[in-house]
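What follows is a short report on a single structure.
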Amino acid sequence: MSGTPSPRRGAAIPRRRAVAMLLAGGAVPLAGAPPRRARAQAAADYPSRPVRLVVPFAPGGPTDVMGRVVANGLGAALGQPVVVENRAGGGGNVGVAHVARQPPDGHTLLVASTGFVVNASLFRNPGYDPVRDFAPITELGASPNVILAHPASGIRTIGELVARAKATPEKLNLANPGLGSTPHLTAELLQIRAGVAFVQIPHHSAALAIQSLLGGTTPVGVTALPPAHPHIRSGALRALAVTGEQRWPDLPEVPTMLELGYPGFVSETFQGLFAPAGTPAPVIERLARAAVAALNEPATRARLQAAGFGIRAAGPAGLAARVAREVPMWRELIRQAGIPTEG
Numbered sequence: 001m002s003g004t005p006s007p008r009r010g011a012a013i014p015r016r017r018a019v020a021m022l023l024a025g026g027a028v029p030l031a032g033a034p035p036r037r038a039r040a041q042a043a044a045d046y047p048s049r050p051v052r053l054v055v056p057f058a059p060g061g062p063t064d065v066m067g068r069v070v071a072n073g074l075g076a077a078l079g080q081p082v083v084v085e086n087r088a089g090g091g092g093n094v095g096v097a098h099v100a101r102q103p104p105d106g107h108t109l110l111v112a113s114t115g116f117v118v119n120a121s122l123f124r125n126p127g128y129d130p131v132r133d134f135a136p137i138t139e140l141g142a143s144p145n146v147i148l149a150h151p152a153s154g155i156r157t158i159g160e161l162v163a164r165a166k167a168t169p170e171k172l173n174l175a176n177p178g179l180g181s182t183p184h185l186t187a188e189l190l191q192i193r194a195g196v197a198f199v200q201i202p203h204h205s206a207a208l209a210i211q212s213l214l215g216g217t218t219p220v221g222v223t224a225l226p227p228a229h230p231h232i233r234s235g236a237l238r239a240l241a242v243t244g245e246q247r248w249p250d251l252p253e254v255p256t257m258l259e260l261g262y263p264g265f266v267s268e269t270f271q272g273l274f275a276p277a278g279t280p281a282p283v284i285e286r287l288a289r290a291a292v293a294a295l296n297e298p299a300t301r302a303r304l305q306a307a308g309f310g311i312r313a314a315g316p317a318g319l320a321a322r323v324a325r326e327v328p329m330w331r332e333l334i335r336q337a338g339i340p341t342e343g
């Protein structure tokens with residue numbers, strides 16, 4: 001009785017046997033995979049030229065601010081310039097899709113915000129897949145959203161905001177930083193939970209939404225905390241509530257939506273650092289270490305927290321977990337709010 005013949009050198013391993021080897025912890029040769037030594041050498045040589053850090057929004061917003069802070073830290077750690085490139089358009093899709101198409105060598109990176117996970121459900125074809133097309137490096141920061149009113153509006157609390165909206169259904173204008181942004185979706189959630197209807201006024205950036213509020217063009221609005229923070233501290237805008245799990249440290253007088261009787265009403269705008277899928281693991285690990293170290297530098301941490309950013313430097317696993325959690329979460333809210341799919 002003859003034994004099972006060994007596969008010839010270079011012959012393909014049958015799929016069933018390959019799976020069995022994988023489950024048993026055996027190595028399965030990958031066609032075309034570079035040798036381990038070559039991958040290690042590529043990582044050791046990285047970066048060989050300046051690194052582009054794409055921000056898919058206009059300058060001045062929270063993602064741009066975070067991108068520039070991270071660029072400084074990465075440049076110092078990598079020994080190469082890290083240049084921020086703003087590629088705005090399509091609610092962030094233009095810049096994100098651009099990075100998805102770049103060579104996976106670590107020389108083009110993406111700083112994305114929560115729109116990265118929202119747009120997968122908001123657009124029929126955003127031009128990218130948030131899981132398939134990207135390798136997570138690290139979450140950078142996360143900020144609660146803040147519900148705002150201009151002092152001249154006379155609205156001082158969430159209760160007064162809800163009462164005004166009920167008294168003037170579909171007439172109270174509310175500014176947000178753009179369709180599909182977490183502030184926009186936070187306002188949608190408030191409408192659902194409070195049984196009110198605003199007239200949502202989307203803008204192309206958080207900076208423009210803030211300008212609309214400061215100028216009195218819109219009496220109320222929702223933005224991420226960082227762009228609103230200095231105007232709250234100065235008294236130019238009134239914060240009615242934040243949407244974090246806890247009150248913000250230097251705004252102790254501003255309640256959370258949880259405290260105001262809205263269970264589970266937590267929403268954040270986060271920023272994450274990504275590379276195109278297929279970027280070598282040693283490069284991802286080096287970038288993660290450098291970014292986490294930069295964010296944990298005491299002066300940087302203090303500056304970001306004072307501007308309204310909570311640091312979330314948890315490495316690739318932490319960012320991957322957030323993406324996996326938030327894609328279905330925002331998809332369900334978009335469904336409940338009846339927001340039509342774009343494009």
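Using full-length UniProt numbering, read the sequence shown as starting at 1 and increasing by one per residue. Virtual Cβ for every residue (Gly too), placed ideally from N, Cα, C.
Assigned secondary structure, residue i (DSSP; H/G/I helix, E/B strand, else coil)
i	result
Leu240	strand
Val96	helix
Ile334	helix
Ile339	coil
Phe116	helix
Ala197	coil
Gln211	helix
Asn72	helix
Pro276	strand
Gly310	strand
Glu326	helix
Thr186	helix
Pro249	coil
Thr269	strand
Pro202	strand
Thr63	helix
Where residue i falls, given that 16 or more other Cβ within 10 Å makes a residue buried
i	result
Ile192	exposed
Asn125	exposed
Asp64	buried
Gly308	buried
Met329	exposed
Glu170	exposed
Asn119	buried
Val283	buried
Glu245	exposed
Thr168	exposed
Glu188	buried
Pro298	exposed
Ala209	buried
Gly26	Only weak support exists for where Gly26 lies, its pLDDT of 36 falling under 50; the value from the coordinates is given anyway. Label assigned to Gly26: exposed.
Gly235	exposed
Val82	buried
Residue range of the unbroken beta strand (DSSP E) whose run includes residue i
i	result
Ser113	Thr108 to Ser113
Ala149	Phe134 to Ala149
Ala175	Asn173 to Asn176
Ala167	Premise fails: Ala167 lies in the alpha helix (DSSP H), Ile158 to Ala167, not in any beta strand (DSSP E).
Ala224	Val220 to Ala224
Val55	Val51 to Val55
Val84	Val82 to Asn86
Proximity below 8 Å, CB of residue i to CB of residue j
i	j	result
Gly178	Pro202	yes
Glu253	Pro144	no
Leu225	Val146	yes
Leu161	Leu273	no
Leu78	Ala290	yes
Glu106	Ala293	Reading off the sequence, residue 106 comes out as Gly, not Glu. No, they are not a contact pair.
Phe265	Ala142	no
Ala207	Gly60	yes
Pro136	Val323	yes
Pro219	Ser153	yes
Ser181	Gly115	yes
Leu148	Arg238	yes
Leu333	Thr138	no
Val131	Ala165	no
Gly127	Ala97	yes
Val242	Thr223	no
Ile158	Leu251	no
Gly278	Pro104	yes
Opening and closing residue of the alpha helix (DSSP H) in which residue i lies
i	result
Arg301	Pro298 to Ala306
residue 354	Residue numbering for the chain in the displayed model covers 1 to 343; residue 354 lies beyond these limits and cannot be assessed.
Residue i CB to nearest heavy atom of the ligand SAH below 7 Å
i	result
Glu326	In the structure on display, the ligand SAH does not appear, and there are no ligands present to speak of.
Cβ contact check for the region 67-81 and the region 310-330: 3 or more pairs under 8 Å: no
Stretch pair the region 99-117 + the region 204-216: three plus CB contacts closer than 8 Å: no
At least three beta-carbon pairs within less than 8 Å, the region 50-63 to the region 88-108: yes
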